[in-house]
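Chemist: In this text, residue positions in the sequence shown follow the working numbering: the first is 987, and each later residue adds one. Glycine residues also receive a C-beta, built at the ideal position from the N, C-alpha and C atoms. Keep in mind the model is a prediction, meaning the values are calculated, not measured.
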Amino acid sequence: MNRERLVKQTMEAEGYRNQMYKCPADKWTIGVGHNLEDRGLSDAAIMFILNEDLDICEDELRGSLSFWEDMPEAVQEALMDLCFNMGIARLLQFRKTLKHLKDKHWASAAEELLDSRYAATLPNRAAHNANLIRSAGG
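#1: Strictly by DSSP, which residues pair up with G1017?
#2: Can the beta-carbon of S1102 be found closer than 9 Å to that of F1080?
#3: When you compare each of K1085, L1087, K1090, A1116 to L1100 by their alpha carbons, which one comes out closest?
#4: The ligand GDP heavy atoms versus the CB of L1099: any closer than 8 Å?
#5: In the DSSP assignment, the alpha helix (DSSP H) including M1072 goes from what residue to what residue?
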């Protein structure tokens, strides 16, 4: 079997979409006719997507925060989780938290983070990230 030819034929027949859509059978589908309702995603696909999303977050943080490289690993992990969870645009609205991070005022940054709608909505996740930030102070 010629896999390359099969891939080309399947893509021509099914199309290629990077957003979910309803196929003619009214099933949520993505990519090249991948039926999410009946097949879901494999563990390998899920981990591939997760790692790609984390790479995107790291690139966005590196490009948006001039101090990214200077942050301790624990702070980078907190910022990665925040970026992953809310997206870079929303994270950049946390101006006071980010200013405290840039100035290496870890406790103040953690407190600002906890004084947010994000923390009220996701208290355990916010507490974890605040603890990561605080840990940078020793």
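Modeler: With the structure as the only source:
#1: R1003
#2: yes
#3: A1116
#4: This structure does not include the ligand GDP; it has no bound ligands of any sort.
#5: 1059–1072
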